Structures are given as C-alpha cells and as structure tokens.
Amino acid sequence: MIDPVTASLLIKLADIAIIGVTTWQSAREAKDDLQPGLLELRALKQRIEDGDVTPTEADRMADIVLEELMAPLDEAVARL
Amino acid sequence: MRVTKSGPETVEIPREVRSAIYLVLGWLLMVIGLSLLLGCAPQNTKPLTYADTITAAEELVITAANTLADAADAGVISRDSAAYRGLKESIIDASQMVRFAWAAYLDGNQDEAEQWRQAIIMLYGQIRPALAEIAKEPPQ
C-alpha cells in the first residue's frame, strides 16, 4: 500500500491530467487517438482511491500521469 | 451661479428640478452601490493550487511553441534561420523544465518544482519579445 500523502498527490495530478487531456482533445476535436490515455488515467485514479496500489505501481502510475501532463506540450513542441 | 461681464450672478434652480436631480443622483448611487456589492461578493471560483501554477507555466510554453510553429507555417520566419533555431532551442529547453517541474512536484518536492517554474518564467520572458515581433509580422 502507498502512503496517503502520495496517494492524495497522485489523485490530484491525475485529475489535472484528466482535465488537461480532456480540454486538449476538445480543442483539437480529435478524440479517438487520446481516448485510451484518458481511460487509463481514470482507471489509475480509481485504483488509487480504492487503495489497491503498491509503491512500485505508484511509481509507474506517476510516470503515466507525468506523460499525460506533458502530452499537450509535447505535441506543440513536435510542430517545431 | 452664472458669470457675466458684470460679475457673478446667482441663478435660482426651481425646487422641482432640484428634486428630480436628487432623485436621479439617489438612483445612480444605489446602482453604483449594488454593482460594487455584487462585484465584491465571493464568486464560486476554485482557489488556485500550486499545481495550477505549473499548468499556467506549461501553457505559456505551449503558446510559445504554437506561435513559432504558426509563424513558420505561414512563412513569417524560415525554419532554417538562426532566429528560428534559437527560439526552438529555448522552447525545447523550457519544455524540459516543465517536465522537471512536474516530476519534482510528483515526488512531493515543491521547492524544486518552484525553482523549475521560476526558470520557465524567466526563459519565457527572454523569448517573448522575439515571439511578439514574429506574431506581428505579416506572412510572406
């Protein structure tokens, strides 16, 4: 089990990533390619809320959340 | 009071007109007071969290990247020019800083995240004038 502070932080950042990705998708009007990322984020958030996550999994989840948080910026930089 | 060649002359305003003026002024004051009250009333807005400030810094870098890419697509700046390459390099550096800021914040290290965020803002401040110039120029 992960500690409550890490769980709370992961949930908060997963929420931010979900909002960011959702807004990004709406702006691009291209939902299909990013839908899996969004679904995974929601599933991760649910698992953290259920307390069903080991520290190793939490690290992997943090990486996924980080990638999703960076996704809109990575796409903009890829245009350069 | 009216000023004439022969000196100041007092003009008596009829009582009805004075009443009307007071009435209008009263309504105006009430409207202004209500507007101020409504404007100062607490709005149903979400308070800003630290993560929101990193998001704001990330949005600045996204805007910078899109501005430069749009300008290059429109032919305002050549992708082979030194100016373009310099700006691109700065934007890539800033995007790495955003990644480091998020990673530090995810690790629970807000102090480090804040240092990266400040660095992003500083770097953006350096490239902003050049981006603003590019954005002003008409397409070629």
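Order-wise, the sequence lines are chains A and B. Sequential numbering of the first sequence, starting at -13, is according to the working numbering. Sequential numbering of the second sequence, starting at 24, is according to the working numbering. Glycine included, every Cβ here is placed at the ideal spot set by N, Cα and C. All figures in this text were calculated on a predicted structure; none of them were measured in a lab.
Cβ-Cβ separation between Arg140 of chain B and Ile100 of chain B: approximately 28 Å, too far for a contact (criterion under 8 Å). Proximity to Asp1 of chain A across A:Val39, A:Gln32, A:Asp(-11), A:Val(-9) peaks at A:Gln32, based on C-alpha coordinates. At the C-beta level, Ile114 of chain B and Ala87 of chain B come within 8 Å of one another. Between the alpha carbons of Ile150 of chain B and Lys111 of chain B lies a gap of roughly 10 Å. Look at the region 110 to 123 of chain B: the residues with a C-beta under 7 Å from a C-beta of chain A are Lys111, Ile114, Ile115, Ser118, Val121, Arg122. When rounded, the separation of the alpha-carbon atoms in Ala29 of chain A and Ala106 of chain B is 44 Å. By the Cβ-count criterion, Val47 of chain B is exposed, with fewer than 16 other Cβ atoms from all chains shown falling within 10 Å of its own Cβ.
Between Ile34 of chain A and Ala127 of chain B, the alpha-carbon positions lie close to 20 Å from each other. In the DSSP assignment, Asp116 of chain B falls within the unbroken alpha helix (DSSP H) covering 105 to 129. Interface annotation for the region 127 to 156 of chain B against chain A: Leu129, Gly131, criterion Cβ-Cβ distance under 7 Å. A distance below 8 Å separates the beta carbons of Ile85 of chain B and Ala62 of chain A.
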